[in-house]
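> Please find one structure pasted underneath; my questions will follow.
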Amino acid sequence: MKTGAKLPDVTFHTRVRDDSIDGPNPFRWEDKTTADYFAGKRVILFSLPGAFTPTCSTYQLPGFENNYEAFKAKGIDEIYCMSVNDSFVMNKWATDQGLKNVKVIPDGSGEFTRKMGMLVDKANLGFGMRSWRYAAIINDGVVEAWFEEPGLMDNCPEDPYGVSSPENLMKHLEEAQQPEMA
């Protein structure tokens, strides 16, 4: 569906650790752009409804984190997890999950998610506007492969998961490396 599409130009407002800052919160604001994350790299981007939620915290994020080296061996430079959560929440979730490899991208206002056509209302869960669950392989800012969960809609009564799983992306990468049969 979105294969071949160029990613939207967005500025993300992030908080980064700065050891020159004293006190209990040694972080500063740093704006990063779509190009900062995606230009000149082949990456996996996966987006999910919310940090600290069950499927995201139990399966999807740990699955990408635990298989980071296997993805690198398949030609992936970075793995990014995005959610319509602010930088404070995403950083805390990354710490809570013990992330060493996957990097989080806060889409606090949902601008990137909206421009990707993936912003949905999850008021039925008390979330408000959030991302539909999807994953993509991005090559230099262009969607190489797209993995969207079925049933995209506002206030979906289900939380489908499988198409955007790390296992499914790995299967895709392995099949893409198979020599063609004559």
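Per full-length UniProt numbering, the sequence shown starts with residue 1, numbered consecutively.
Even for Gly, the Cβ is constructed at its ideal location relative to N, Cα and C.
Model, not experiment: these values are computed from the prediction.
Determine the contact status of Ala176 and Asn155, defining contact as a CB-CB distance below 8 Å.
Cβ distance not < 8 Å, so Ala176 and Asn155 don't count as in contact.
> For the alpha helix (DSSP H) that Thr95 lies in, which residues bound it at each end?
Start and end: Ser87 to Gln97.
> The beta strand (DSSP E) spanning Leu48 covers which residue range?
First-last of the beta strand (DSSP E) with Leu48: Arg42 to Leu48.
> In or out: Ser20 buried (at least 16 other Cβ within 10 Å) or exposed?
Looking at its Cβ environment, which holds fewer than 16 other Cβ atoms inside 10 Å, Ser20 is exposed.
> Mind the definition here: the stretch 36-50 touches the stretch 76-88 only if three or more C-beta pairs lie below 8 Å; say whether that holds.
Because the criterion of three Cβ pairs below 8 Å is met, the stretch 36-50 and the stretch 76-88 touch.
> Across the stretch 5-19 and the stretch 30-40, are there enough close Cβ pairs to call them in contact, namely three or more that are closer than 8 Å?
Touching, yes, given that three or more Cβ pairs across the two stretches are closer than 8 Å.
> What are the residues that DSSP puts in a beta bridge with Glu30?
DSSP, once it has assigned bridges, lists Thr14 as partnering Glu30.
> Rank Thr53, Met129 and Met170 by C-alpha distance to the C-alpha of Ile137 and give the top, closest one.
Ile137 has its Cα closest to that of Met170, out of Thr53, Met129 and Met170.
> In whole angstroms, what separates the C-alpha of Met90 from that of Val143?
So the two alpha carbons sit approximately 24 Å from each other.
> So what does Trp146 bridge to, in DSSP terms?
Per DSSP, Ala136.
> Could you tell me the alpha carbon to alpha carbon distance between Met129 and Arg17, rounded to whole angstroms?
Computed Cα separation, rounded: 28 Å.
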